[in-house]
Amino acid sequence: MGYLNSVLSSTSQVHGDDGPVSGGGLSQNRKFSYGYASSPGKRASMEDFYETRIDGVDGEIVGLFGVFDGHGGARAAEYVKQNLFSNLIRHPKFISDTKLAIADAYSHTDSEFLKSDNSQNRDAGSTASTAILVGDRLLVANVGDSRAVICRGGNAFAVSRDHKPDQTDERQRIEDAGGFVMWAGTWRVGGVLAVSRAFGDRLLKQYVVADPEIQIERERKMDTFDCCWGVARDAGVIYGVGCCAWLVIGEGGRERYTVAGRGSVDEEKVDSSLEFLILASDGLWDVVTNEEAVSMIKQIDEPEEAAKRLMREAYQRGSADNITIVVVRFLANQEGSSHSGSG
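Each number in this note's numbering comes from the position in the sequence shown (counting from 1) with 41 added on.
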């Protein structure tokens with residue numbers, strides 16, 4: 042695989058005591074712009090990290106965006122920010138099988154962090170909500186409760202699922218692995234951790250996996266689905282018997298399938314109906330609904346200003362956590378747009 046020799050554009054995040062930070066930019070092909078805003082909020086320490094990166098792979102402009110919310114310290118979130126996307130674009134099948142590359146990159150980054158962190162006394166971990174733009178595909182993957190929401194046709198759609206231990210399937214997975222979920226102010230894995238998937242968390246790793254759920258935004262509904270032992274066609278809900286995957290046609294024509302236990306995939310296209318994407322830590326989502334977030338920034342063209350607007354709103358509503366937001370605006374239907382990069 043041929044890579045450009047350097048990252049075309051990337052944020053450089055340094056935690057300090059200076060309070061909120063923000064910035065943004067525009068892709069070289071002018072197909073998308075992005076902005077970010079991050080603040081410790083009411084917390085004394087900062088455990089959120091973000092990444093906004095534009096790179097070139099095989100002659101294609103690729104956008105990589107992420108929000109990483111640490112717990113037990115900032116080490117895990119910082120490590121994931123620094124390594125996940127580099128591991129991803131180095132994957133030999135990044136272009137040809139991006140879903141596999143994402144799943145492998147999540148797993149590799151998690152295992153390498155655990156190796157590097159074995160001398161630490163505290164058991165650090167991190168969520169991740171990531172969005173990868175490759176051509177006309179938007180791939181969203183997540184572990185934990187940092188959420189991704191899109192605005193399509195003026196409406197809000199969550200394109201990630203918060204991983205919480207009280208969810209029926211997550212609780213069953215944890216118990217099948219020998220763990221338990223109990224109430225301790227909220228539902229927690231082992232009575233300790235309030236998310237059921239994360240990077241790190243060595244002491245709970247058997248139960249708190251870093252297997253991402255992966256969503257792909259594309260335009261048209263598939264009418265065939267090739268399984269290991271056959272082909273499933275044109276049905277509302279299809280389960281491939283003996284297959285490595287299954288397909289569910291859900292709300293709004295969204296398609297989701299699970300590959301070898303590696304997570305779910307929704308498929309649509311980056312087209313003129315896809316307006317923008319929000320990635321954010323739970324410092325936003327604890328106090329602002331998906332619909333409210335989309336409504337607040339619909340009329341704000343500059344993604345940095347949109348991210349700052351959401352950050353301020355979360356703070357004013359009393360969010361007790363760090364607040365980090367990345368907004369990506371798609372410019373496919375905005376020829377002659379005056380969007381420009383900032384900070």
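Even glycine gets a Cβ: it sits at the ideal position worked out from N, Cα and C.
Express the C-alpha separation of Leu-179 and Ile-366 in angstroms, rounding to a whole number. Indexing the sequence shown from 1 puts residue 366 at position 325. Indexing the sequence shown from 1 puts residue 179 at position 138. If I take the Cα positions, the gap works out to 18 Å.
Under 8 Å, do Phe-109 and Asp-96 count as touching if we go by C-beta distance? What you label residue 109 is simply residue 68 of the sequence shown in a count that begins at 1. What you label residue 96 is simply residue 55 of the sequence shown in a count that begins at 1. It is not a contact, given that the beta carbons lie outside the stated cut-off.
Considering Leu-320, what are the terminal residues of the beta strand (DSSP E) in which it resides? In the sequence shown, residue 320 corresponds to position 279, counting from 1. Run containing Leu-320: 315-321, per the beta strand (DSSP E) assignment.
Spatial neighbours of Arg-163 within its chain, please: C-beta separation below 6 Å, excluding the five flanking residues on both sides. Residue numbering aside, residue 163 sits at position 122 when the sequence shown is read from its first letter. Cβ within range, chain order: Gly-113, Gly-114.
Taking the alpha helix (DSSP H) that Thr-150 belongs to, which residues open and close that run? The sequence position of residue 150 within the sequence shown is 109, counting from 1. Here the alpha helix (DSSP H) through Thr-150 covers 139-157.
Inside the stretch 168-229 only - beta strand (DSSP E) runs reaching at least 3 residues: 169-175, 178-184, 188-193, 196-199, 222-224
Answer yes or no: do Gly-219 and Ala-225 have a C-beta to C-beta separation smaller than 8 Å? On the sequence shown, residue 219 is found 178 positions in, with the first residue counted as 1. On the sequence shown, residue 225 is found 184 positions in, with the first residue counted as 1. For Gly-219 and Ala-225, no; Cβs fall outside 8 Å.
Residue environment, Thr-330, which counts as buried when at least 16 other CB atoms sit within 10 Å: Looking up residue 330 in the sequence shown gives position 289. Label assigned to Thr-330: exposed.
Find the nearest neighbour of Ile-341 within the set Ala-361, Phe-371, Gln-208, Ala-165, judged by alpha-carbon distance. As a first step, residue 341 must be located in the sequence shown, where it is residue number 300. When each option's Cα is compared against that of Ile-341, the closest is Phe-371.
Compute the beta-carbon to beta-carbon distance between Asp-177 and Val-311, rounded to the nearest angstrom, for a pair I have assumed lies under 8 Å. Position 136 of the sequence shown, counted from the start, is the residue given in the question as residue 177. Position 270 of the sequence shown, counted from the start, is the residue given in the question as residue 311. The Cβ separation is near 5 Å, so the contact holds.
Close Cβ partners of Leu-105 (< 6 Å) along its chain, the five nearest in sequence each way excluded: If you number the sequence shown from 1, residue 105 lands on position 64. Taken in chain order, the residues that qualify are Arg-94, Phe-126, Ile-173.
For Phe-317, count neighbouring C-beta atoms within 10 Å of its own C-beta (all shown protein chains included) and say buried if the count is 16 or more, exposed if not. The sequence position of residue 317 within the sequence shown is 276, counting from 1. Per the 10 Å Cβ criterion, buried.
Sub-8 Å separation of Asp-158 and Arg-116 beta-carbons: For the purposes of this step, residue 158 is taken as the residue at position 117 of the sequence shown. For the purposes of this step, residue 116 is taken as the residue at position 75 of the sequence shown. Against a cut-off of 8 Å, the Cβ pair of Arg-116 and Asp-158 comes out as a contact.
What is the DSSP secondary structure of Gln-340, reduced to helix, strand or coil? Counting from 1 along the sequence shown, the entry for residue 340 is found at position 299. Reduced to three states, the DSSP call for Gln-340 is coil.
Starting from the Cα of Phe-221, find the closest Cα among Asp-203, Arg-193, Lys-246 and give me that residue. Translated into the one-based positions of the sequence shown, residue 221 becomes position 180. For Phe-221, the closest C-alpha among the options Asp-203, Arg-193, Lys-246 is that of Lys-246.
Between which residues of its own chain and Leu-141 is the CB-CB distance below 7 Å, once the five residues before and five after are set aside? If you number the sequence shown from 1, residue 141 lands on position 100. The answer, listed in chain order, is Lys-134.
What does DSSP give as the partner residues of Leu-234 in its beta bridges? Here the question's residue 234 lines up with position 193 in the sequence shown. Per DSSP, Val-230.
To the nearest angstrom, report how far apart Ser-63 and Gln-123 are at their CA atoms. Indexing the sequence shown from 1 puts residue 63 at position 22. Indexing the sequence shown from 1 puts residue 123 at position 82. Going by the C-alpha atoms only, they are around 18 Å apart.
Out of Ala-78, Leu-67, Lys-72, which one is the CA nearest neighbour of Arg-350? Position 309 of the sequence shown, counted from the first residue, corresponds to residue 350. The candidate whose alpha carbon is nearest that of Arg-350 is Ala-78.
In chain order, what residues of the same chain lie with their CB nearer than 8 Å to the CB of Pro-206, ignoring the 5 residues before and after it? Start at 1 with the first residue of the sequence shown, and residue 206 comes out as number 165. Take Pro-206, set aside five residues on each side of it, and the residues of its chain with a beta-carbon closer than 8 Å to its own are Arg-212, Ile-215, Val-222, Trp-228, Arg-229, Val-230, Leu-234, Ala-235, Val-236, Ser-237, in chain order.
Contact check, Ser-201 vs Arg-188, beta carbons under 8 Å: Your numbering for residue 201 matches position 160 in the sequence shown. Your numbering for residue 188 matches position 147 in the sequence shown. Contact flag set, yes.
Reference Tyr-75, options Ser-360, Asp-186, Ala-348, closest by Cα: Working through the sequence shown from its first residue, we reach residue 75 at position 34. The candidate whose alpha carbon is nearest that of Tyr-75 is Ala-348.
Compute the Euclidean distance between the alpha carbons of Arg-353 and Thr-150, then round it to the nearest angstrom. The residue you call residue 353 lines up with position 312 of the sequence shown. The residue you call residue 150 lines up with position 109 of the sequence shown. The C-alpha of Arg-353 lies about 32 Å from the C-alpha of Thr-150.
What residues are listed by DSSP as bridge partners for Asp-110? Numbered from its first residue, the sequence shown carries residue 110 at position 69. DSSP links Asp-110 through a beta bridge to Asp-89.
Close Cβ partners of Leu-315 (< 6 Å) along its chain, the five nearest in sequence each way excluded: Here residue 315 corresponds to residue number 274 of the sequence shown, with the count starting at 1. Result list for Leu-315: Arg-193, Phe-371, in chain order.
Starting from Ile-130, trace the alpha helix (DSSP H) both ways and give me its first and last residue. Taking the sequence shown and counting its residues from 1, the one referred to as residue 130 is at position 89. Run containing Ile-130: 116-130, per the alpha helix (DSSP H) assignment.
Ala-334 by DSSP, collapsed to three states: which one? Counting from one through the sequence shown, the residue named residue 334 turns up at place 293. The answer is helix: DSSP assigns Ala-334 an H, G or I state.
Does any C-beta atom of chain E lie closer than 8 Å to the C-beta of Glu-332? In the structure shown, chain E does not exist; there is a single protein chain.
Span of the beta strand (DSSP E) holding Ser-74? On the sequence shown, residue 74 is found 33 positions in, with the first residue counted as 1. Residues 73-80.
Drop a sphere of 10 angstroms on the beta-carbon of Ala-118, count the other beta-carbons inside from all chains shown, and report buried for 16 or more, exposed for fewer. Stepping through the sequence shown from its first residue, residue 118 is reached at position 77. Ala-118 should be labelled buried.
Tell me the residue span of the beta strand (DSSP E) that contains Val-367. Counted from its first residue, the sequence shown places residue 367 at position 326. Counting along the chain, the beta strand (DSSP E) containing Val-367 begins and ends at 364-371.
Residues of its chain near Phe-198, where Cβ-Cβ distance is below 6 Å and the 5 sequence neighbours each way are ignored: By 1-based counting over the sequence shown, the position of residue 198 is 157. The residues are Ile-191.
Between the beta-carbon of Gly-82 and the beta-carbon of Ser-360, is there less than 8 Å? Locating residue 82 in the sequence shown gives position 41, where the first residue counts as 1. Locating residue 360 in the sequence shown gives position 319, where the first residue counts as 1. Yes, the pair counts as a contact, with Cβ atoms nearer than the cut-off.
Whose C-beta lies closer than 6 Å to the C-beta of Tyr-147 among residues of the same chain, with five residues either side of it excluded? Walking along the sequence shown from the start, residue 147 turns up at place 106. Taken in chain order, the residues that qualify are Ala-251, Pro-253.
Between the beta-carbon of Gly-166 and the beta-carbon of Ala-239, is there less than 8 Å? Taking the first residue of the sequence shown as position 1, residue 166 is located at position 125. Taking the first residue of the sequence shown as position 1, residue 239 is located at position 198. Taking 8 Å as the Cβ cut-off, Gly-166 and Ala-239 qualify as a contacting pair.
Cutting at 8 Å between CB atoms, please list the residues of its own chain near Ser-137, excluding the five before and the five after it. Translated into positions along the sequence shown, residue 137 becomes position 96. So no residue of the chain qualifies.
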